[in-house]
Amino acid sequence: MRRLVTVFPKIFWCGLVAVSVLSLALPAVAAQAVDKRAKTTKSVKPVKAVKAVKSVKPAVKKKAVVSKPKPTAVKKSKSKPRVSAQLAARPSSGAPKTAAAAQPSMGELEGLRATPDKLALKSSVALVMDQDTNEVLFSKNSQAVLPIASITKLMTAVVVADAQLSLDDVLTVTQDDVDTEKGSRSRLSVGSQLTRGEMLHLALMSSENRAAHALGRNYPGGLSAFVSAMNAKAQLLGMTDTRYVEPTGLSSLNQSSAHDLFALVKAAHTYTLIRELSTSPEYQVDIGSRKLQYHNTNRLVSNPTWDIGLQKTGYISEAGRCLVMQASLAGRKLIMVFLDSSGLNTRLADAERVRRWVNQTTPKPVS
Numbered sequence: 007m008r009r010l011v012t013v014f015p016k017i018f019w020c021g022l023v024a025v026s027v028l029s030l031a032l033p034a035v036a037a038q039a040v041d042k043r044a045k046t047t048k049s050v051k052p053v054k055a056v057k058a059v060k061s062v063k064p065a066v067k068k069k070a071v072v073s074k075p076k077p078t079a080v081k082k083s084k085s086k087p088r089v090s091a092q093l094a095a096r097p098s099s100g101a102p103k104t105a106a107a108a109q110p111s112m113g114e115l116e117g118l119r120a121t122p123d124k125l126a127l128k129s130s131v132a133l134v135m136d137q138d139t140n141e142v143l144f145s146k147n148s149q150a151v152l153p154i155a156s157i158t159k160l161m162t163a164v165v166v167a168d169a170q171l172s173l174d175d176v177l178t179v180t181q182d183d184v185d186t187e188k189g190s191r192s193r194l195s196v197g198s199q200l201t202r203g204e205m206l207h208l209a210l211m212s213s214e215n216r217a218a219h220a221l222g223r224n225y226p227g228g229l230s231a232f233v234s235a236m237n238a239k240a241q242l243l244g245m246t247d248t249r250y251v252e253p254t255g256l257s258s259l260n261q262s263s264a265h266d267l268f269a270l271v272k273a274a275h276t277y278t279l280i281r282e283l284s285t286s287p288e289y290q291v292d293i294g295s296r297k298l299q300y301h302n303t304n305r306l307v308s309n310p311t312w313d314i315g316l317q318k319t320g321y322i323s324e325a326g327r328c329l330v331m332q333a334s335l336a337g338r339k340l341i342m343v344f345l346d347s348s349g350l351n352t353r354l355a356d357a358e359r360v361r362r363w364v365n366q367t368t369p370k371p372v373s
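Okay, so the sequence shown: first residue is 7 according to our numbering, each after it adds one.
Here's what the structure looks like:
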């Protein structure tokens, strides 16, 4: 008992000390546990953050990949102005329509197209005369002086014929014959060689500009002498309203009046060669190994209901559509002049209107 009494206090105090130690140690342990959790949480968070960053980076890369087609979108936006520019240019062409609208003919500028007439012709200028008697059957603005375009080539042919140069001489198309004023095209490339007769044929029948220019360039004394001969011939024929500056008609400075052109057609009709070549429906030439087929610019020459002895067409924007013809109608030899016609086929339609009118109004000769 004595031992128990002496031991028990010791046990009691030891237990108390242990409890107090535990009570002091437990908060520290708990704090350490909290610290460990906090450290664990902190260490995990960065890992999660890193993972988040890593997971974001691929997403960003994917977006970057998706954004690669953006240049295509940019190209589309760039192409829109081009399309609108093309659409805006379509009325002009090649530009042609806009060019025609922007540059009206001289006859249109002078208000000649608004002139009414009993046949409702589409040409600003028209003249129909009897070739033998010089009687005027129809006249519309016949004194107006306008550009005559390729009607010029009739005078070119007259001057070549008057010079009596060999039609068998071979002429070569050079760079000098290329149109730099209007930029017109030609099937006769630089270096092409044809005889003078072939050049004249193409100039009259198909209105070949390089052929006409080559004819003038190969005239004795050169091109300037040829143009001088053209103007001298015009004066000789009494064509006081006429002026030539070159042999093709591409220049709007080549001008004349309907009455002057009547005199030119009447004179040109006396040349058998000019009659035949100008009314030839088609013609083929050999250029080296190539064969080029040409056709008449006036389809009326192939119409069996027409008896055409001479013709020439012409066009530049300043002159409009032009046509001169010698034809037999209602038993009479008539010369018709149409200048500054407004449409592609209206000059031919005007010729048809005149023919119907002449046939209806002119009494047939008694046999």
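We put the beta carbon where it would ideally sit given N, CA and C, even for glycine.
Alpha-carbon spacing of residue i relative to residue j, whole angstroms
i    : j    : result
W363 : L125 : 8 Å
R375 : D123 : Summary: the structure shown does not reach residue 375, with the chain confined to residues 7 through 373, and so no result is reported for it.
G227 : M135 : 37 Å
M161 : P253 : 8 Å
V233 : T201 : 21 Å
E214 : G320 : 11 Å
M245 : Q109 : 28 Å
K128 : S295 : 44 Å
P102 : A238 : In this prediction, P102 has a pLDDT of 38, which is less than 50 and means its spatial position is unreliable; what the coordinates show is noted afterwards. Approximately 36 Å between the Cα atoms of the pair.
S192 : E324 : 20 Å
Q181 : V196 : 6 Å
L194 : R216 : 7 Å
N365 : G349 : 25 Å
P310 : P287 : 12 Å
I157 : C328 : 7 Å
R249 : A163 : 16 Å
Y277 : A167 : 8 Å
N224 : A120 : 43 Å
R361 : T285 : 18 Å
I293 : Y300 : 13 Å
D247 : E116 : 17 Å
V176 : N140 : 40 Å
Q241 : L118 : 26 Å
Contact with chain D by residue i, beta-carbon distance below 8 Å
i    : result
M135 : Protein chains in the displayed structure number just one, and chain D is not present.
Buried versus exposed, by CB contacts within 10 Å (16 or more), residue i
i    : result
T186 : exposed
L354 : buried
N147 : buried
D346 : buried
E204 : buried
Q261 : buried
G113 : buried
A70  : Interpretation of A70 is limited by its pLDDT of 41, a score under 50 that renders its predicted location unreliable; the figure taken from the coordinates is listed afterwards. By the neighbour-count rule (16 or more Cβ atoms within 10 Å), A70 is not buried but exposed.
Residues bridged to residue i [DSSP beta-bridge criterion]
i    : result
E288 : H301
L221 : Looking at the DSSP assignment, L221 forms no beta bridge with any residue, so it has no partner.
Q261 : P153, R249
Y321 : R327
A132 : K146, F344
S334 : K339
T201 : V176
I314 : A333
R361 : BP columns for R361 are empty, so no partner.
Contact set for residue i: own chain, Cβ-Cβ below 7 Å, skip 5 residues either direction
i    : result
T303 : S212, S213, T319
D138 : K339
H219 : D183, P253, T254
A269 : L243, G244, M245
L171 : R202
A273 : V164, L243
6 Å Cβ shell around residue i - same chain, five flanking residues per side excluded
i    : result
H207 : L283, Y289
T178 : Q199
L267 : V330, V343
G222 : L229, F232, P253
V271 : V330, Q332, I341
A336 : V364, N365, T368
V142 : M135
M236 : M161, V165, Y250
F144 : V134
S308 : P287
T352 : K128
Integer Cβ distance of residue i from residue j, believed to fall under 8 Å
i    : j    : result
G255 : A155 : 5 Å
H275 : L316 : 5 Å
G153 : S258 : In the sequence on display, residue 153 carries Pro and not Gly. 4 Å between Cβ atoms; contact.
V131 : A150 : 5 Å
L133 : A264 : 4 Å
G326 : S190 : Contact flag wrong, Cβ pair sits at about 16 Å.
L173 : I280 : The Cβ separation is near 12 Å, so there is no contact.
I322 : K159 : Actually they are not in contact, since the Cβ atoms of I322 and K159 sit about 13 Å apart, beyond 8 Å.
Same chain, Cβ closer than 8 Å to residue i, neighbours up to 5 away in sequence not counted
i    : result
L306 : W312, I314, Q317, M331, L354, A357
K297 : Q290, V291
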